[in-house]
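A.B. asks: So that we are looking at the same thing, I have put the structure below in structure tokens.
There are 2 protein chains.
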Amino acid sequence: MIVKERQLSTTSDDVNRPLIHYTPNYGWMNDPNGLFYDKKAAVWHMYYQYNPNDTVWGLPLYWGHATSKDLSVWEDQVPAIGPDNDNDGIFSGSIVVDHNNTTGFFDDSIHPDQRVVAIYTLHTSEKQTQDLAYSLDGGYTFTKYSGNPVLDVNSTQFRDPKVFWHEPTNQWIMVLAKSQEFKIQIFGSIDLKSWSLHSNFSSGLYGFQYECPGLVEVPIENSTETKWVMFLAINPGMPLGGSANQYFVGHFDGFTFVPDDTQTRLQDWGKDYYAFQAFSDVPKEMGVLGLAWASNWQYANKVPTSGWRSSMSVARNHTLKNIAINPETKVLSLVQKPVLGSTVQKTNLIDQDFCIFGKNTLVNATASQSGVFEIDFTFKVHKTTELQKTLELEIISNTKDGKTESIRTGFDVDGGSFYVDRGIDNAFNKNPFFTDKTSAYVDPMEYDDSGLPIYKFYAIVDKNILEVYLNDGAATLTNTFFMSDGFTPESVVLSSTCSSTFEVKSEINELTI
Amino acid sequence: MIVKERQLSTTSDDVNRPLIHYTPNYGWMNDPNGLFYDKKAAVWHMYYQYNPNDTVWGLPLYWGHATSKDLSVWEDQVPAIGPDNDNDGIFSGSIVVDHNNTTGFFDDSIHPDQRVVAIYTLHTSEKQTQDLAYSLDGGYTFTKYSGNPVLDVNSTQFRDPKVFWHEPTNQWIMVLAKSQEFKIQIFGSIDLKSWSLHSNFSSGLYGFQYECPGLVEVPIENSTETKWVMFLAINPGMPLGGSANQYFVGHFDGFTFVPDDTQTRLQDWGKDYYAFQAFSDVPKEMGVLGLAWASNWQYANKVPTSGWRSSMSVARNHTLKNIAINPETKVLSLVQKPVLGSTVQKTNLIDQDFCIFGKNTLVNATASQSGVFEIDFTFKVHKTTELQKTLELEIISNTKDGKTESIRTGFDVDGGSFYVDRGIDNAFNKNPFFTDKTSAYVDPMEYDDSGLPIYKFYAIVDKNILEVYLNDGAATLTNTFFMSDGFTPESVVLSSTCSSTFEVKSEINELTI
Chain W
34 MIVKERQLST TSDDVNRPLI HYTPNYGWMN DPNGLFYDKK AAVWHMYYQY NPNDTVWGLP
94 LYWGHATSKD LSVWEDQVPA IGPDNDNDGI FSGSIVVDHN NTTGFFDDSI HPDQRVVAIY
154 TLHTSEKQTQ DLAYSLDGGY TFTKYSGNPV LDVNSTQFRD PKVFWHEPTN QWIMVLAKSQ
214 EFKIQIFGSI DLKSWSLHSN FSSGLYGFQY ECPGLVEVPI ENSTETKWVM FLAINPGMPL
274 GGSANQYFVG HFDGFTFVPD DTQTRLQDWG KDYYAFQAFS DVPKEMGVLG LAWASNWQYA
334 NKVPTSGWRS SMSVARNHTL KNIAINPETK VLSLVQKPVL GSTVQKTNLI DQDFCIFGKN
394 TLVNATASQS GVFEIDFTFK VHKTTELQKT LELEIISNTK DGKTESIRTG FDVDGGSFYV
454 DRGIDNAFNK NPFFTDKTSA YVDPMEYDDS GLPIYKFYAI VDKNILEVYL NDGAATLTNT
514 FFMSDGFTPE SVVLSSTCSS TFEVKSEINE LTI
Chain P
34 MIVKERQLST TSDDVNRPLI HYTPNYGWMN DPNGLFYDKK AAVWHMYYQY NPNDTVWGLP
94 LYWGHATSKD LSVWEDQVPA IGPDNDNDGI FSGSIVVDHN NTTGFFDDSI HPDQRVVAIY
154 TLHTSEKQTQ DLAYSLDGGY TFTKYSGNPV LDVNSTQFRD PKVFWHEPTN QWIMVLAKSQ
214 EFKIQIFGSI DLKSWSLHSN FSSGLYGFQY ECPGLVEVPI ENSTETKWVM FLAINPGMPL
274 GGSANQYFVG HFDGFTFVPD DTQTRLQDWG KDYYAFQAFS DVPKEMGVLG LAWASNWQYA
334 NKVPTSGWRS SMSVARNHTL KNIAINPETK VLSLVQKPVL GSTVQKTNLI DQDFCIFGKN
394 TLVNATASQS GVFEIDFTFK VHKTTELQKT LELEIISNTK DGKTESIRTG FDVDGGSFYV
454 DRGIDNAFNK NPFFTDKTSA YVDPMEYDDS GLPIYKFYAI VDKNILEVYL NDGAATLTNT
514 FFMSDGFTPE SVVLSSTCSS TFEVKSEINE LTI
């Protein structure tokens, strides 16, 4: 393993380092890789694209590694897999647990739940191939397979294998990106070593190239049925600029993925949600869990953090639900709920039942210890003729030299849309790709007895990242933000521009670990 | 016709009123309607969704009307079609020239090129139906057909008919939106009065609803072939927020539209390009011409203009071209070129051949009369190791009270993307949906003999709108912007953050009429 002598700061107490979003202690991080759950040890493993030698992307690239008991607090481990040459990279990939030892890498001394095999892309200047490495200690150290590569089509744009066991057809399935041909390729294997191409899938927004596909069986809420969801990352060239994830809902028979419709669905409506991956080997009753890199290639290498760059999203639980997207149509859509682990402590700051909001009604909360918030409000919209009808949550920094900084999120009745505005007048906001405003339209979640529309808004504010979940996760908006040096979120204020449009129930908690 | 007494300013000399983008003299405007070319009179007709009684959308809604000899300078006409009741609206639709009098509305006294029939949606509180009106004076005044409606499916969400004559099958084709069922419906008729449903088409980004479809046969560049392009407007719920247009490329046999692939393509990468419509009855040799409403429903009703609201884009000529979207793949994509009419005068301000740009090299031009610019530059990107590699064009207002305001557009080598940043610190930029930064990724247009990538950038700056055309129209970015009262674009400055990365050829003209 080639980790150059590190020249970077090792400080991990930066004021703007998120608390419950994973960040590398130092160095550069991008895509999550090899996410899996060790059922025997009850430990979550997260690997990630890692450059320990700098705070920008660069070769040699490693699989960094961290573990968690609850998906919220992560313990750094030494990098798990590295390239043999300084000009190469261990690019994105996945981990499977080879319970039945189909690979022959294991003997009886290794518990079936800890027979860990990584399938990743080896990137060299000549080409990208798919390689294997296995671990005899439950995912901490790896041995590269002597028969590598296991998949080589002599291409420089062929990467990001995500593998899972398909029970009905008794085979391993790999989805990966033939990136610049805009093909998600589906391969099958019985031993992870020999692969046959089953089919290709192309759809949706193309941008410059396909990356990091994923194929996951997702339960439909209030039903015993499931559907298959194909996740697909695009970079650059998404409508909001740069990198983003889309998904398709359909049927998978072990060979071909057939979408139910030709709809292109966004996975998240913010600018910072990329390269989503689901955890392997999670017991069914725990749900479909996964997370994404919370950044955007348009500015990821330039964000103003010190000694480290990028965070992951929090882990999310995924289901499918028939959601009314207008009065005439329901569409089977992804529903995402954040996972807050048992180590996360909540201190209640506000707990207020429905009350009519006036122009001077404020819900004001300060998280004095951590600066980390969980915000949950449900609101009804009354009919009024007022011109400006906005319910707004302002996230305000501490005051320094007489100055405060803030970002805001809220709901606008006229457009029926939620918004996030991270425009702060500071040095980083001059970056020409750091878009200030993102938004998401959702139809009302439900109607009360008198026909008033009801919406739900949930958010996690964690130092330099805001994750918004609308209508119990029917849409999400994930955006990082960067206040000036010395400014950090300290309080949140909920207010309205109108006197009697909103009836609001609110709960605000401070989060600590 | 019910036009209430107008209470609005009739000033038409507002400093921020565009010169070569159509704006209504007073009142509210949205979608372009009934665009057609009168071959006999050699006159372009533009109708549009019009509320003459206010500067926000409202009923009764009319078809406003303007005419032009060259598509750049428009003459206002009296509103052409209005509803019989104050609570109704003449919603979007199209015009065809019924050369062969299939409707029986005309006699020999009306020249075949002036047999004008409008097909529009009559919106009432009960439902939306498709109605006809015909003109015996070449499109200035209309008589409603006594047999209206011609298409009524008892729906409140059924609108925006775009009709054309399909020669191979000898029939009129109508595409319209069953909006909230996400269906573009394709109907056929031999007389415009009786319609049969041929097929439905659904694809791409759904958002809240479908609006304003269009189906047009578009020539492929450097070929005698054509393909059919299906245009589709979505509002709200597009990824950039609010309203935007997408398109699909495929085959049409007179009954069914079959796309060539499942790709979702954006028509424009800015925030202000909606409800595109192509002109009817344009001679083939003039090309496929059309234009869009240059606004976004997220803020259209609130933009800070006085006495009038909204402009159209300039007319664009459309072709299809196999464009390299990465090194491995070419995709048949729409290419858009702006039409500047013969009344537009160009005064050259800068005309400079390729030269290496240094950090202190500036191309600086002032449009002293009109404040309206045409900007054209071609640049090569040299390999350098500099960190910030941006070529930027700043559009700067006049100075007032010691202050200037500016917006910027440019190219960033790291991300390989073009950007527009309309973030100006003024009152309107507080609107939570008026996104500051938009961007578009395009692969290099070509490579020079030494392998250096070449890009082309063309822009029209017209008071409060910026239209950017990249690589001869392979991608466009249309954004309005609003400087503070009394500030108006006066000069443009091209500069670079690096000393020897760009080799630039530039031409800048002032535009007047």
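So the sequences go chain by chain: W and P.
The first sequence begins at 34 in this note's numbering and counts up one residue at a time.
The second sequence begins at 34 in this note's numbering and counts up one residue at a time.
Note that the Cβ used here is the ideal one computed from N, Cα and C, for glycine as well.
Just so we're clear, the structure is a prediction, and the values are computed from it rather than from any experiment.
Return the CA-CA distance between L169(W) and K422(P), expressed in angstroms with no decimal places.
C.D. replies: Working through the first sequence from its first residue, we reach residue 169(W) at position 136. Working through the second sequence from its first residue, we reach residue 422(P) at position 389. Answer to the nearest angstrom: the Cα atoms are 47 Å apart.
A.B. asks: Residues of chain C with CB under 8 Å from V364(W), in chain order?
C.D. replies: Protein chains in the displayed structure are W and P, and chain C is not among them.
A.B. asks: Which chain W residues are close to S235(P), counting only those with a beta carbon under 9 Å from its beta carbon?
C.D. replies: Position 202 of the second sequence, counting from 1, holds the residue named residue 235(P). D294, T295 and Q296, listed in chain order.
A.B. asks: Verify the CB distance criterion: does S472(W) have a CB-CB separation below 9 Å to chain P?
C.D. replies: For the purposes of this step, residue 472(W) is identified with residue 439 of the first sequence, where counting begins at 1. Judged by the 9 Å Cβ criterion, S472(W) is in contact with chain P.
A.B. asks: How many Å lie between L32(P) and K354(P) at the Cα?
C.D. replies: Because chain P here runs from 34 to 546, residue 32(P) falls outside it and cannot be looked at.
A.B. asks: Would you kindly report the start and end of the unbroken beta strand (DSSP E) that includes S276(P)?
C.D. replies: Counting from one through the second sequence, the residue named residue 276(P) turns up at place 243. No beta strand (DSSP E) holds S276(P); DSSP gives it neither H nor E.
A.B. asks: Near E38(P), which residues of its chain fall below 7 Å by C-beta distance, leaving aside the five closest residues on each side in sequence?
C.D. replies: Taking the first residue of the second sequence as position 1, residue 38(P) is located at position 5. The pLDDT assigned to E38(P) is 47, lower than 50, so where the model puts this residue is not dependable, and the model offers no usable value.
A.B. asks: To the nearest angstrom, report how far apart A437(P) and S517(P) are at their CA atoms.
C.D. replies: If you number the second sequence from 1, residue 437(P) lands on position 404. If you number the second sequence from 1, residue 517(P) lands on position 484. A small fix is needed here, since residue 437(P) is Thr in this sequence, not Ala. Approximately 10 Å between the Cα atoms of the pair.
A.B. asks: Can you say whether K416(W) is buried or exposed, counting buried as having 16 or more other CB atoms within 10 angstroms of its CB?
C.D. replies: In the first sequence, the residue the question calls residue 416(W) occupies position 383. Result: exposed.
A.B. asks: Using the Cα positions of C531(W) and D481(W), report the straight-line distance between them to the nearest angstrom.
C.D. replies: One-based indexing of the first sequence puts residue 531(W) at position 498. One-based indexing of the first sequence puts residue 481(W) at position 448. Going by the C-alpha atoms only, they are around 21 Å apart.
A.B. asks: Ignore the nearest five residues each way along the sequence and tell me which others in N512(W)'s own chain have a CB closer than 7 Å to its CB.
C.D. replies: Working through the first sequence from its first residue, we reach residue 512(W) at position 479. Counting only Cβ-Cβ distances below 7 Å, and skipping sequence neighbours, we find G303, K304, D305, V453, R455, T471 and L499.
A.B. asks: When you compare the CB positions of G171(W) and V106(W), do they come within less than 9 Å of one another, or not?
C.D. replies: Looking up residue 171(W) in the first sequence gives position 138. Looking up residue 106(W) in the first sequence gives position 73. No, Cβ-Cβ distance for G171(W) and V106(W) is not below 9 Å.
A.B. asks: What separation, rounded to the nearest whole angstrom, lies between the Cα atoms of D164(W) and A151(W)?
C.D. replies: To locate residue 164(W), count along the first sequence from 1; it is residue 131. To locate residue 151(W), count along the first sequence from 1; it is residue 118. Rounded to whole angstroms, D164(W) to A151(W) spans 8 Å at the Cα level.
A.B. asks: So, with DSSP's three-state summary, where would you put K73(P)?
C.D. replies: To locate residue 73(P), count along the second sequence from 1; it is residue 40. K73(P): coil per DSSP, three-state reduction.
A.B. asks: Give me whichever residues DSSP pairs with K363(P) in a beta bridge.
C.D. replies: Counting from one through the second sequence, the residue named residue 363(P) turns up at place 330. According to DSSP, K363(P) bridges with A357(P).
A.B. asks: Against chain W, does R342(P) count as a neighbour if the rule is that its beta carbon must be under 9 Å from one of theirs?
C.D. replies: If you number the second sequence from 1, residue 342(P) lands on position 309. Output row for R342(P): interface = no.
A.B. asks: How would you label N329(P), buried or exposed, when you count the other beta carbons within 10 angstroms and need 16 or more for buried?
C.D. replies: On the second sequence, position 296 is the one that residue 329(P) refers to. By the neighbour-count rule (16 or more Cβ atoms within 10 Å), N329(P) is buried.
A.B. asks: If I'm right that N459(W) touches P51(W) with Cβ under 8 Å, what's the distance once you round it to whole angstroms?
C.D. replies: Counting from one through the first sequence, the residue named residue 459(W) turns up at place 426. Counting from one through the first sequence, the residue named residue 51(W) turns up at place 18. Wrong, their Cβ atoms sit about 18 Å apart, outside the cutoff.
A.B. asks: So that I know if they touch, is there some Cβ in chain P lying closer than 9 Å to that of T468(W)?
C.D. replies: Taking the first sequence and counting its residues from 1, one reaches residue 468(W) at position 435. Closer than 9 Å to some Cβ of chain P, the Cβ of T468(W) qualifies, so yes.
A.B. asks: Just grab the DSSP bridge partners of G97(W) for me.
C.D. replies: Taking the first sequence and counting its residues from 1, one reaches residue 97(W) at position 64. DSSP lists Y81(W) as partners of G97(W).
A.B. asks: Using a Cβ-Cβ cut-off of 6 Å (strictly less than) and excluding sequence neighbours within five positions of P337(W), which residues of its own chain qualify?
C.D. replies: On the first sequence, residue 337(W) is found 304 positions in, with the first residue counted as 1. Closer than 6 Å at Cβ, skipping near neighbours: F461 and F515.
A.B. asks: If you reduce the DSSP assignment to three classes, tell me which class A333(P) lands in.
C.D. replies: Working through the second sequence from its first residue, we reach residue 333(P) at position 300. A333(P) falls in the helix class under three-state DSSP.
A.B. asks: Helix, strand or coil for F290(P)? Go by DSSP, reduced to three states.
C.D. replies: Here residue 290(P) is taken as the residue at index 257 of the second sequence, counted from 1. Three-state result, F290(P): strand.
A.B. asks: Tell me the DSSP secondary structure of S212(W) in three-state form.
C.D. replies: Mapped onto the first sequence, residue 212(W) falls at position 179. In the structure shown, S212(W) sits in a helix (DSSP, three-state: H, G or I).
A.B. asks: Have a look at V8(W) and E318(W) and give me their C-alpha separation to the nearest angstrom.
C.D. replies: Any answer about residue 8(W) is impossible in this case: the structure gives chain W only from 34 up to 546.
A.B. asks: With 8 Å as the limit, tell me which residues of the segment 426-453 of chain W have their beta carbon closer than that to any beta carbon of chain P; keep them in chain order.
C.D. replies: If the cut-off is 8 Å between Cβ atoms, the segment 426-453 of chain W has R441, G443, D445, D447, G448, G449, S450 and Y452 near chain P.
A.B. asks: Measuring only between beta-carbons, confirm whether V526(W) sits less than 9 Å from chain P.
C.D. replies: Within the first sequence, residue 526(W) is the residue found at index 493, counting from 1. Chain P contact via Cβ: absent.
A.B. asks: When you compare the CB positions of S222(P) and Y243(P), do they come within less than 9 Å of one another, or not?
C.D. replies: Residue mapping note: residue 222(P) aligns to position 189 of the second sequence, counting from 1. Residue mapping note: residue 243(P) aligns to position 210 of the second sequence, counting from 1. The answer is no: Cβ separation not under 9 Å.
A.B. asks: D286(P) CB to nearest chain W CB: under 9 Å?
C.D. replies: Locating residue 286(P) in the second sequence gives position 253, where the first residue counts as 1. D286(P) does not count as touching chain W.
A.B. asks: Excluding the 5 residues flanking D409(P) on each side, which residues of the same chain have their C-beta closer than 6 Å to its C-beta?
C.D. replies: Along the second sequence, read from residue 1 onward, the residue named residue 409(P) stands at position 376. Within the same chain, D409(P) has close Cβ partners Y491 and E540.
A.B. asks: For the ligand SAH, I want to know if D434(P) counts as a neighbour, meaning its beta carbon is within less than 8 Å of at least one of the ligand's heavy atoms.
C.D. replies: Of the ligands one can find in the structure shown there are none, so the ligand SAH has no counterpart to examine.
A.B. asks: Can you name the start and end residues of the beta strand (DSSP E) that E540(P) belongs to?
C.D. replies: Indexing the second sequence from 1 puts residue 540(P) at position 507. Counting along the chain, the beta strand (DSSP E) containing E540(P) begins and ends at F535 to T545.
A.B. asks: For F387(W), count the other beta carbons within 10 Å of its own beta carbon; 16 or more makes it buried, fewer makes it exposed. Which is it?
C.D. replies: Looking up residue 387(W) in the first sequence gives position 354. With fewer than 16 Cβ atoms within 10 Å of its Cβ, F387(W) is classed as exposed.
A.B. asks: With DSSP run on the structure shown, which of helix, strand or coil describes M516(W)?
C.D. replies: Taking the first sequence and counting its residues from 1, one reaches residue 516(W) at position 483. Coil.
A.B. asks: Per DSSP, what kind of secondary structure is G391(W) in: helix, strand or coil?
C.D. replies: Stepping through the first sequence from its first residue, residue 391(W) is reached at position 358. Reduced to three states, the DSSP call for G391(W) is coil.
A.B. asks: Taking the DSSP output, what are the residues bridged to L527(W)?
C.D. replies: Counted from its first residue, the first sequence places residue 527(W) at position 494. According to DSSP, L527(W) bridges with V396(W) and L426(W).
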